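Quick notes on the structure that follows.
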Amino acid sequence: MSRLKELRVHGFKSFADQTRFVFEPGVNAVIGPNGSGKSNMADAVRWVLGEQSNRSLRTRRADDVIFAGSEQRKPQGMAEAVLTLDNADGWLPIDFAEVSIGRRAYRSGESEYLINGVRARLRDVVDLLASGQLGANELVVVGQGTVDAALSLRPEERRQLFEEAAGVKGLQVRRNEASGRLMKASDNLTRVGDLIAELKPQVRRLALQAEHQQQHDTLGTRARGLV
């Protein structure tokens with residue numbers, strides 16, 4: 009299974025300077041006083057994984073993730089976060105022992121994603137991570153109060169939670185997408201069948217006209233031969 013090896017942030021929320029967090033195998037704990045950036049570090053993980061909700065990122069606007077400045081520091085023009093994942097066992101379908109996923113946001117409103125330093129689309133990142141049951145919508149980051157909220161869920165809601173954690177939800181989504189494509193293909197075949205049925209009388213009429221024309225040409229040739 010893929011493992012988080014490193015998180016690098018620069019200009020992201022309270023991290024004005026480039027900051028590097030290294031995670032060893034096993035359980036890691038990040039401790040510090042209130043306001044030291046622990047929650048912002050978790051937000052950075054969500055953000056790189058493709059989170060688009062300002063509410064989930066505890067922001068009001070998309071550019072709120074960029075360091076806003078302080079009395080001693082000027083505001084940054086860009087926010088960047090990069091996750092490095094251990095992929096030695098091939099958990100993610102990409103031929104690299106380590107996979108880095110990066111995201112950048114600019115005050116101009118532009119943003120970009122990177123896979124191993126190469127620019128990519130958001131869809132590319134989402135598809136790659138989804139193949140390993142990772143992503144902004146998966147239970148990768150469990151926020152404060154999530155466990156307590158889970159205990160009060162109704163049975164059906166709790167089942168959905170476990171399905172999401174087990175990766176079943178992603179399979180169901182892909183199954184539904186495949187089913188939708190099959191229905192669309194079936195509708196297209198039906199329309200093609202209707203079109204063929206509409207064209208059959210025209211085809212028969214054209215075939216009859218062609219036969220009459222051929223007979224006319226044959227008779228004309230014979231008549232010219234008699235002259």
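In case it helps, my numbering puts the sequence shown at residues 9 to 235.
Beta carbons: idealized from backbone N, C-alpha and C, even for Gly.
What you are looking at is a predicted structure, and each value in this text was computed from that prediction instead of being measured.
The region 129-140 makes contact with the region 94-103: 3 or more CB pairs, one atom from each, lie closer than 8 Å. Around the beta carbon of L197, fewer than 16 other beta carbons sit within 10 angstroms, so the residue counts as exposed. Secondary structure within the region 45-110: the alpha helix (DSSP H) runs of 4 or more consecutive residues, fully enclosed, are 46-56 (chain order).
By the 16-neighbour rule on beta-carbons within 10 angstroms, F75 is buried. Straight through space, the alpha carbons of N184 and Y121 are spaced by roughly 28 Å. Counted as a single uninterrupted DSSP element, the alpha helix (DSSP H) harbouring L137 occupies residues 130-138. Contact between A87 and G110 fails: their C-beta atoms lie close to 11 Å from each other, not under 8 Å.
Q210 and L216 have their alpha carbons spaced roughly 10 Å apart. Fewer than three Cβ pairs drawn from the region 31-45 and the region 119-135 lie within less than 8 Å of each other, which leaves the two stretches out of contact. The alpha carbon of E79 has as its nearest neighbour, out of A24, E165, N36, T226, the alpha carbon of A24.
About 11 Å separates the beta carbons of V53 and L65, which is beyond the 8 Å limit, so they are not a contact pair. According to the DSSP assignment, S119 belongs to the beta strand (DSSP E) that extends over 119-123.
A Cβ-Cβ separation of about 7 Å places Y114 in contact with G85 under the 8 Å criterion. For L161, no beta strand (DSSP E) encloses it, and the DSSP letter there is neither H nor E. In the structure shown, the three-state DSSP call for K208 is helix. Assigned with DSSP and collapsed to three states, A218 falls in helix. Here G201 is exposed: its Cβ has fewer than 16 other Cβ atoms, across all protein chains shown, within 10 Å. Taking C-alpha positions only, R182 is separated from L91 by approximately 26 Å. R28: member of the beta strand (DSSP E) spanning 27-30, first to last residue. Out of V107, P83, Q26, L57, the CA that lies nearest to the CA of S10 is found in V107.
Residue environment for N48: buried (at least 16 other C-beta atoms within 10 angstroms of its C-beta).
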